[in-house]
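S.K.: Below you will find the structure I want to go over with you.
Protein chains: 4
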Amino acid sequence: MPRKLRHHLFNNKLLFMVKIAMLGSGFIGRFYADSIQGYRSQDKIVSIYSRREESAKKFAEDYKVAHWTVNMEEAIANKEVDIVCISLPNNLHEAAVMLCCKYKKAVMSTKPLGRNAAEARRMLKAVEAASIFNGYLEDLVYTPKFLKAHQSVKSGALGRILWAKSREAHPGPHSEWFWDLEQAGGGCILDLGCHCVEIGRSYIGKNIKPIEVMCWADTQVKPIEAEDHAIGLVKYENGAIGQFEVSWTFRGGLDLRDEVMGSEGTIWINNFLRTGFDLFTTGKGADYVAEKAETNTGWQFPVGDELNELGYNHMFMDMFDALEAGRQPKETFYDGYVVNSVLDAAYRSAKSKIWEPVRLDIWRGEEGLKKDSNFTEYDDEHYFVKEETTHYGTKKLILKNKASGKIIEKLIEDAG
Amino acid sequence: MPRKLRHHLFNNKLLFMVKIAMLGSGFIGRFYADSIQGYRSQDKIVSIYSRREESAKKFAEDYKVAHWTVNMEEAIANKEVDIVCISLPNNLHEAAVMLCCKYKKAVMSTKPLGRNAAEARRMLKAVEAASIFNGYLEDLVYTPKFLKAHQSVKSGALGRILWAKSREAHPGPHSEWFWDLEQAGGGCILDLGCHCVEIGRSYIGKNIKPIEVMCWADTQVKPIEAEDHAIGLVKYENGAIGQFEVSWTFRGGLDLRDEVMGSEGTIWINNFLRTGFDLFTTGKGADYVAEKAETNTGWQFPVGDELNELGYNHMFMDMFDALEAGRQPKETFYDGYVVNSVLDAAYRSAKSKIWEPVRLDIWRGEEGLKKDSNFTEYDDEHYFVKEETTHYGTKKLILKNKASGKIIEKLIEDAG
Amino acid sequence: MPRKLRHHLFNNKLLFMVKIAMLGSGFIGRFYADSIQGYRSQDKIVSIYSRREESAKKFAEDYKVAHWTVNMEEAIANKEVDIVCISLPNNLHEAAVMLCCKYKKAVMSTKPLGRNAAEARRMLKAVEAASIFNGYLEDLVYTPKFLKAHQSVKSGALGRILWAKSREAHPGPHSEWFWDLEQAGGGCILDLGCHCVEIGRSYIGKNIKPIEVMCWADTQVKPIEAEDHAIGLVKYENGAIGQFEVSWTFRGGLDLRDEVMGSEGTIWINNFLRTGFDLFTTGKGADYVAEKAETNTGWQFPVGDELNELGYNHMFMDMFDALEAGRQPKETFYDGYVVNSVLDAAYRSAKSKIWEPVRLDIWRGEEGLKKDSNFTEYDDEHYFVKEETTHYGTKKLILKNKASGKIIEKLIEDAG
Amino acid sequence: MPRKLRHHLFNNKLLFMVKIAMLGSGFIGRFYADSIQGYRSQDKIVSIYSRREESAKKFAEDYKVAHWTVNMEEAIANKEVDIVCISLPNNLHEAAVMLCCKYKKAVMSTKPLGRNAAEARRMLKAVEAASIFNGYLEDLVYTPKFLKAHQSVKSGALGRILWAKSREAHPGPHSEWFWDLEQAGGGCILDLGCHCVEIGRSYIGKNIKPIEVMCWADTQVKPIEAEDHAIGLVKYENGAIGQFEVSWTFRGGLDLRDEVMGSEGTIWINNFLRTGFDLFTTGKGADYVAEKAETNTGWQFPVGDELNELGYNHMFMDMFDALEAGRQPKETFYDGYVVNSVLDAAYRSAKSKIWEPVRLDIWRGEEGLKKDSNFTEYDDEHYFVKEETTHYGTKKLILKNKASGKIIEKLIEDAG
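Residue numbers (the working numbering), protein chains in the order written: chain A, 6 to 421; chain B, 6 to 421; chain C, 6 to 421; chain D, 6 to 421.
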């Protein structure tokens with residue numbers, strides 16, 4: 006973090022305003038802008054780059070941005086700019102990052118970081134060589150529900166984490182470039198799986214090494230080259246399992262659910278389609294309901310505050326607070342690189358039909374972990390298997406004799 | 006809005022920072038402070054008043070507040086202060102408001118505005134006479150779910166609103182003054198009903214006059230003088246019905262639900278206990294889960310971001326944006342006064358056991374509305390009653406003959 | 006129970022087959038028949054009476070009934086018949102019951118028993134004078150969820166019952182006679198409120214006397230004389246409150262929910278619209294989904310086994326087991342009479358706008374109960390108000406001094 | 006179906022009573038007996054075999070069974086017996102089936118049919134050689150929710166089925182033999198996966214051939230040889246994917262959920278832990294709540310009628326109706342054999358870490374199916390990719406040019 010950031014004493018308060026260059030004025034760029042300039046934010050987008058002039062102008066007008074351009078380098082080089090926010094199609098991330106390195110500008114990039122691990126590694130090496138702040142905009146590990154759930158997991162409420170599943174499925178993305186393999190670099194594995202992998206990895210522990218991946222993928226419905234449906238398993242060094250379920254063929258809206266199993270507990274999170282808000286309408290007043298809703302009559306399930314529920318607010322808060330404090334944000338290009346490496350293994354596995362190793366040239370977590378023991382001592386002679394309450398209200402223990410290996414049942418007093 | 010508020014050109018951005026004096030350092034004052042200074046807020050609490058020195062100091066330390074005091078007037082008079090935020094027990098609101106009038110300071114007050122309509126009316130008259138900005142901190146009409154639901158209602162998605170129910174129930178408040186009738190001014194009707202009445206009124210239309218109230222109230226469980234459980238109906242001039250269900254005897258957490266019925270649709274909102282976040286734990290890691298949760302083992306239902314889900318963020322955003330723009334906020338002392346008037350009628354009804362009129366000396370909405378017709382024309386001879394799909398897949402109409410009043414059935418072709 | 010019922014040793018099993026005369030071949034008659042002859046039932050409808058010949062014939066064919074008739078007395082008098090099942094419009098119940106008395110036939114009647122308490126009382130007196138088995142077909146206190154919840158309540162899991170709410174709302178009934186005040190005797194209060202009152206009464210205790218009723222009712226949407234929306238409160242002698250919410254104007258399907266609050270617990274039951282079965286369809290395969298579903302595209306919420314979920318199976322099991330055992334069923338004409346008496350008070354209250362007493366000439370439960378105390382002792386000097394866990398993880402007690410009445414807070418050790 | 010079953014004209018009704026010999030008096034045998042003799046059933050258990058005399062006697066007493074024995078052959082040979090119901094540990098199924106063949110008795114067996122496909126195939130061949138009625142007691146394709154969902158799937162409401170996931174997870178079985186690899190033949194894959202595989206297969210189509218299986222399995226928590234957690238994918242010849250998630254390490258109760266994705270719709274079923282019944286209790290009245298519930302304080306989620314919700318009632322209805330009608334039940338030993346074959350492949354895959362082929366010597370469904378096309382024509386020049394409603398309320402189409410393969414966007418008029 007070599008560059009000193011601007012602090013000001015304003016109105017007797019020490020204030021740190023972040024000034025952003027936004028690259029890309031599409032769907033995601035606008036979501037980001039709504040969040041960055043939302044609430045009572047002190048931060049400001051000061052330059053907007055778009056490939057199309059009319060889009061750049063429109064964005065500048067809508068978000069009161071002083072400077073617009075169709076020249077990416079100009080936006081990045083702008084003296085006003087503290088940090089560059091990349092909201093471009095996947096195939097343009099690397100070039101944008103290299104320009105940020107050239108101008109020593111802090112940078113944060115939308116997900117996935119690269120179209121593959123090779124791209125991501127080059128970006129990671131470049132930003133570290135240039136010693137610039139780098140943030141990876143993985144919003145779904147910043148949702149309010151995730152943050153609180155993750156805190157519970159870290160506090161031990163679930164015991165040892167055994168399995169973390171993340172599912173993202175919807176009827177397909179809204180911009181044409183997603184459907185083009187060259188620009189996007191992949192289908193729903195890359196587009197949605199990147200979220201799921203980082204969610205699973207976060208619950209299991211970001212310092213636990215992902216070892217190998219098994220993945221099924223197919224193009225079941227859409228007339229495209231890339232996969233529109235995939236399921237994958239990610240094995241970690243400590244024996245925990247991550248799971249992702251991703252699809253562009255789901256009908257009914259945006260299905261965004263996570264589940265975690267631990268030896269002492271369970272978490273179920275529904276981020277979007279069932280959040281305690283049900284609305285039925287016979288059809289009058291057919292307005293925009295929510296991202297990827299499929300109907301506007303009958304039962305609807307809107308989300309109160311999409312920007313907050315999808316994690317954008319807490320994500321940018323972490324990014325800018327980190328920039329202010331001169332620390333790293335929770336998610337960096339390194340995380341983006343790890344995610345790309347896991348997804349690369351998933352793509353290889355979908356073709357080879359075997360478990361494929363995760364190739365991590367750069368790994369900064371723990372090494373050499375072993376699976377935790379599955380033997381819990383009950384007494385000198387037995388291991389504990391299970392406690393059971395019967396229909397009759399009495400309790401019994403199921404135990405395993407250490408020497409003989411034999412399973413026995415033992416009645417215990419009614420605790421009722 | 007006589008007083009010009011301070012705008013500054015900061016770092017090339019026109020910035021408006023709001024500086025707040027917080028009165029009260031208890032549970033609600035801290036919630037407010039977390040919200041006001043949360044996210045990337047440009048706003049700042051600059052003075053804290055508490056009745057107890059140690060509380061004032063602790064608050065000042067926790068929230069980095071420059072000035073603390075045990076003298077309320079000192080906090081209000083402080084030159085730095087743009088707006089005063091009242092987070093005091095109910096019996097102290099009026100005195101605080103009068104001091105704000107004296108110093109011509111913008112003021113916003115927690116709910117309920119007064120312990121009764123007389124207090125509320127005096128406060129309303131005072132702030133209007135003093136021409137100061139006044140905001141009523143009714144957070145539950147600022148929850149993200151409410152805001153979106155309300156927008157749907159206004160867009161006509163539910164047709165004509167027939168009924169709006171709001172329920173708030175929990176095992177009782179956390180500070181001792183709530184349980185003392187003199188300080189609180191009432192029990193759960195005043196503490197919780199104020200939320201419910203304003204929610205119902207907002208769905209039905211804030212310009213529709215509440216006419217009369219029927220209320221049952223009792224002290225069923227707690228050893229107190231005030232009521233710990235109540236149910237009320239509020240009749241509006243256009244025939245719509247508001248309903249509140251409030252209790253300090255509910256077991257299981259904080260039950261916060263709203264329901265709306267319209268002629269064309271339905272809304273169900275669960276704000277707290279079922280929001281798509283389920284957590285089971287055998288008991289390790291017993292941390293604080295959520296406001297008013299009763300257990301920390303077994304199934305838990307945490308809320309991701311309480312400040313946002315409870316409406317605090319959007320409420321203060323409206324308050325400060327309004328202050329900045331020189332407009333009124335959505336909720337003003339006038340609304341607080343209307344709510345107190347409805348609750349007064351509820352208290353009278355609980356004693357008299359009849360429908361009690363709502364006495365509104367000050368009314369700024371519509372007058373003389375009548376109930377909407379319940380006759381929908383089907384054809385020249387019939388009114389429409391209902392369309393029905395039978396087991397067999399055919400459809401039939403139920404109609405009423407205009408002349409004879411006779412109900413008939415008419416089979417129509419299968420639309421299947 | 007004077008008449009000896011037929012038992013037979015069949016295939017070495019002592020078998021008791023019930024033979025039923027069904028009066029009425031409409032919507033409810035068919036539901037009943039599906040249940041009575043469902044699963045591996047040993048029971049059989051042996052005669053069907055309908056006012057229209059074609060309906061009687063069709064029913065006889067569909068359910069393989071040996072005898073059909075358009076003469077009610079003929080069906081009842083039929084020698085084969087053990088019990089008569091009344092599934093007729095409300096205005097025909099009394100005449101049917103009188104015929105059963107004449108022929109000393111066991112009888113069970115659909116709900117409500119009468120159009121008012123006077124009719125119900127005459128029926129009750131007649132069946133008791135004739136000493137015939139009489140069952141009241143209130144299916145919603147036989148739903149599997151109710152049965153299990155009721156068992157929990159009786160076992161003390163909820164402590165003292167404070168409030169029991171039952172809600173039934175849908176877009177209106179499917180047969181024309183419901184909409185005709187003369188035949189039906191009332192609107193949604195009578196049609197739906199009869200369920201709600203008996204549900205509330207069952208949770209609170211069928212031996213606890215309902216004392217008075219407050220009710221709001223209106224005709225908000227439908228072009229009818231009877232009410233299409235009503236809300237009522239039923240006060241019981243021990244201070245518990247029953248609540249009913251009924252409507253024929255609800256949009257979205259069949260809303261059937263119950264809630265119970267006790268001093269130690271809470272019950273929430275959703276019987277129909279949210280039972281763990283969600284289906285989304287873009288619209289192909291537009292079949293019959295569920296009773297009173299409004300749409301067949303978008304999100305649907307079917308019920309797995311309507312007959313079972315609505316209580317029909319367990320209701321007829323109780324009726325026939327009782328008949329076999331020579332005991333009374335759980336619900337008798339006496340219960341139907343009590344319900345009608347409560348509803349009569351509701352109708353009076355809706356007009357008089359005051360709490361109306363429940364007039365019960367016949368009352369077989371407890372008398373002279375008082376409200377339970379709301380004082381729980383903490384120690385010699387204090388009553389217990391509440392235990393609270395703070396943000397900081399410590400616990401505090403809120404207590405009331407017996408002598409001074411003052412509320413105090415007392416910190417207790419962290420149980421964490 | 007060679008043996009003529011006994012029909013009788015009883016009380017003028019043609020009655021068919023089924024007389025059952027129950028083998029096994031444990032947890033599942035009692036569940037079965039509760040169902041078989043439940044409601045107003047005409048059927049009867051006439052003989053009970055248990056390995057332990059006291060268990061046999063107790064069962065005979067509880068269920069009023071005329072004959073008990075500790076000699077399995079005696080129960081089967083009993084002249085009264087129409088059909089034998091096998092509720093024994095997995096390692097005893099085959100011997101019991103062979104005795105049924107010897108005595109030409111109709112037989113139905115609990116799940117899984119065999120410990121592996123070889124056992125299952127021998128049983129299948131034996132019952133077919135003996136020409137005896139054979140039923141496979143896979144209750145979870147008989148749950149009311151499954152039956153209705155399956156009907157929707159068959160009617161086309163979901164379009165082409167793409168994926169069917171079934172999840173069964175709980176804290177581990179209640180009898181000691183499950184934990185012993187020799188008796189059980191496997192861990193949670195065999196115990197729970199057998200349900201999931203048949204559920205998935207039923208949604209996808211029982212005539213569609215399962216081709217290969219990928220499975221991860223591990224022993225993460227329990228001190229046993231068998232797996233306590235597994236996830237598997239089953240690929241079908243038409244490209245559809247079945248998925249099973251099974252565990253004996255789940256905390257929080259019995260998690261029993263199914264999900265189906267089709268090209269036109271979605272199904273989500275929760276069979277147990279969230280069915281519209283929530284109960285909170287502070288802990289008084291600590292009774293038995295539900296199968297595999299872990300706590301009896303705090304929030305509970307009971308199931309109304311476990312026998313019905315778990316499919317037992319509809320399963321035995323199908324079995325006995327089939328026996329009566331001389332037809333096959335929906336589930337036969339053939340289905341049990343197919344399931345065992347899929348599970349064998351899962352076990353092989355968990356070891357080999359590759360997709361393992363399903364070896365089906367006996368296959369009676371379709372052969373040679375191909376994956377459906379993923380190209381939907383939009384017009385002569387384009388394939389349809391997606392229709393999208395933007396924030397602004399306008400609609401756009403995403404299309405693919407047939408010749409160039411290029412993805413384009415096309416605005417269409419607002420349908421609002």
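All residues carry an ideal CB built from backbone N, CA and C; glycine is no exception.
Quick one: any contact between the region 321-331 of chain A and the region 309-320 of chain B, if contact means 3 or more CB pairs under 8 angstroms?
M.R.: no
S.K.: Give me the DSSP bridge partner(s) of C/TRP182.
M.R.: As a first step, residue 182 of chain C is located in the third sequence; it is residue number 177 there, counting from the start. Answer is none; C/TRP182 lacks a bridge partner.
S.K.: Kindly indicate which three-state DSSP category C/PHE389 falls into: helix, strand or coil?
M.R.: As a position in the third sequence, residue 389 of chain C is number 384, starting the count at 1. Note: C/PHE389 maps to strand in three-state DSSP.
S.K.: Quick one: any contact between the region 222-235 of chain C and the region 162-174 of chain B, if contact means 3 or more CB pairs under 8 angstroms?
M.R.: In short, these stretches touch, since the Cβ pair count reaches three.
S.K.: Kindly give me the distance between the Cβ atoms of D/LEU118 and D/MET128, rounded to whole angstroms, as I take these residues to be in contact under 8 angstroms.
M.R.: Reading the fourth sequence from its first residue, position 113 is the one you call residue 118 of chain D. Reading the fourth sequence from its first residue, position 123 is the one you call residue 128 of chain D. Indeed, because the Cβ distance is near 6 angstroms, the residues count as touching under 8 angstroms.
S.K.: Residues of chain A with CB under 9 angstroms from D/ARG256, in chain order?
M.R.: Position 251 of the fourth sequence, counted from the start, is the residue given in the question as residue 256 of chain D. Simply LEU163, GLY164, MET266, GLY267, SER268, GLU269, GLY270, THR271.
S.K.: Evaluate the contact criterion for the region 148-164 of chain B versus the region 272-286 of chain B: three or more CB pairs, one atom per stretch, below 8 angstroms.
M.R.: With the cut-off at 8 angstroms, the region 148-164 of chain B and the region 272-286 of chain B touch.
S.K.: Between C/PRO334 and chain G, is there a C-beta pair that is closer than 8 angstroms?
M.R.: Among the protein chains of the structure shown, namely A, B, C and D, there is no chain G.
S.K.: Identify whether A/TYR54 lies in helix, strand or coil by the three-state DSSP scheme.
M.R.: Taking the first sequence and counting its residues from 1, the one referred to as residue 54 of chain A is at position 49. Strand at A/TYR54.
S.K.: Below 9 angstroms on C-beta distance, what does B/MET322 contact in chain A?
M.R.: To locate residue 322 of chain B, count along the second sequence from 1; it is residue 317. Within chain A, the residues near B/MET322 are GLY43, TYR44, ARG45.
S.K.: For chain B, is any of its Cβ atoms less than 8 angstroms away from the one on C/LYS358?
M.R.: Start at 1 with the first residue of the third sequence, and residue 358 of chain C comes out as number 353. It does: the Cβ of C/LYS358 has a partner Cβ on chain B nearer than 8 angstroms.
S.K.: Give a yes or no on whether the C-beta atoms belonging to C/LYS109 and C/ALA135 are separated by under 8 angstroms.
M.R.: Residue mapping note: residue 109 of chain C aligns to position 104 of the third sequence, counting from 1. Residue mapping note: residue 135 of chain C aligns to position 130 of the third sequence, counting from 1. Against a cut-off of 8 angstroms, the Cβ pair of C/ALA135 and C/LYS109 comes out as a contact.
S.K.: Looking at the structure shown, is A/ASP48 part of a helix, part of a strand, or coil, going by DSSP?
M.R.: On the first sequence, position 43 is the one that residue 48 of chain A refers to. Coil.
S.K.: Under 8 angstroms between C-beta atoms, does A/ASP340 make it to chain D?
M.R.: Within the first sequence, residue 340 of chain A is the residue found at index 335, counting from 1. No, its Cβ sits nowhere closer than 8 angstroms to a Cβ of chain D.
S.K.: Measuring only the C-alpha atoms, how far is C/GLU59 from C/ASP185?
M.R.: Walking along the third sequence from the start, residue 59 of chain C turns up at place 54. Walking along the third sequence from the start, residue 185 of chain C turns up at place 180. Cα-Cα distance, rounded: 23 angstroms.
S.K.: Is B/ILE81 buried or exposed, if buried means 16 or more other CB atoms sit within 10 Å of its CB?
M.R.: Taking the first residue of the second sequence as position 1, residue 81 of chain B is located at position 76. When all chains shown are included, B/ILE81 counts as buried.
S.K.: Residues bridged to B/ARG262 by DSSP?
M.R.: Counting from 1 along the second sequence, the entry for residue 262 of chain B is found at position 257. DSSP, once it has assigned bridges, lists B/ARG172, B/ASN275 as partnering B/ARG262.
S.K.: Less than 8 angstroms between the C-beta atoms of C/CYS105 and C/ILE137, yes or no?
M.R.: Numbered from its first residue, the third sequence carries residue 105 of chain C at position 100. Numbered from its first residue, the third sequence carries residue 137 of chain C at position 132. Less than 8 angstroms separates the beta-carbon of C/CYS105 from that of C/ILE137.
S.K.: Using only alpha-carbon positions, find the residue among A/ILE216, A/PHE389, A/ILE246, A/GLU386 that is nearest to A/GLY373.
M.R.: Residue mapping note: residue 373 of chain A aligns to position 368 of the first sequence, counting from 1. Of the listed residues, the one whose Cα sits closest to A/GLY373 is A/ILE216.
S.K.: Since I believe B/HIS175 is in contact with B/SER207 (beta carbons under 8 angstroms), could you give me their beta-carbon distance rounded to a whole number of angstroms?
M.R.: Indexing the second sequence from 1 puts residue 207 of chain B at position 202. Indexing the second sequence from 1 puts residue 175 of chain B at position 170. No, B/SER207 and B/HIS175 are not in contact; Cβ-Cβ is about 22 angstroms, not under 8 angstroms.
S.K.: Around the Cβ of D/THR381, are there at least 16 other Cβ atoms within 10 angstroms (buried) or fewer (exposed)?
M.R.: In the fourth sequence, residue 381 of chain D corresponds to position 376, counting from 1. D/THR381 comes out exposed.
S.K.: In its own chain, which residues sit with a C-beta less than 6 angstroms from the C-beta of D/LEU163, not counting the 5 before and 5 after it?
M.R.: Residue numbering aside, residue 163 of chain D sits at position 158 when the fourth sequence is read from its first letter. Once the five neighbours on either side are set aside, the close Cβ partners of D/LEU163 are GLY267, GLU269, GLY270.
S.K.: With which residues is C/ALA111 paired in a DSSP beta bridge?
M.R.: Position 106 of the third sequence, counted from the first residue, corresponds to residue 111 of chain C. Answer is C/ILE88, bridged to C/ALA111.
S.K.: Between the C-alpha atoms of D/SER180 and D/GLU66, what's the straight-line distance to the nearest angstrom?
M.R.: Translated into the one-based positions of the fourth sequence, residue 180 of chain D becomes position 175. Translated into the one-based positions of the fourth sequence, residue 66 of chain D becomes position 61. Between D/SER180 and D/GLU66, the C-alpha separation is close to 22 angstroms.
S.K.: Is it right to say A/ASN139 is buried, meaning 16 or more other beta carbons lie within 10 angstroms of its own, or is it exposed?
M.R.: To locate residue 139 of chain A, count along the first sequence from 1; it is residue 134. The residue is buried, with at least 16 neighbouring Cβ atoms inside 10 Å.
S.K.: In the DSSP assignment, find the alpha helix (DSSP H) that holds B/GLU329 and state where it starts and stops.
M.R.: Counted from its first residue, the second sequence places residue 329 of chain B at position 324. From DSSP, the alpha helix (DSSP H) with B/GLU329 extends over 317-330.
S.K.: For the alpha helix (DSSP H) holding C/SER354, just list the boundary residues, first then last.
M.R.: Against the third sequence, residue 354 of chain C aligns to sequence position 349. 338-357 is the span of the alpha helix (DSSP H), which, as asked, contains C/SER354.
S.K.: Would you decide whether B/ARG126 is buried or exposed? Buried here means 16 or more other CB atoms lie within 10 Å of its CB.
M.R.: For the purposes of this step, residue 126 of chain B is identified with residue 121 of the second sequence, where counting begins at 1. Residue environment for B/ARG126: buried (at least 16 other C-beta atoms within 10 angstroms of its C-beta).
S.K.: Throw me the rounded Cβ distance for the C/ALA355 and C/VAL363 pair, which I believe falls under 8 angstroms.
M.R.: By 1-based counting over the third sequence, the position of residue 355 of chain C is 350. By 1-based counting over the third sequence, the position of residue 363 of chain C is 358. No, C/ALA355 and C/VAL363 are not in contact; Cβ-Cβ is about 14 angstroms, not under 8 angstroms.
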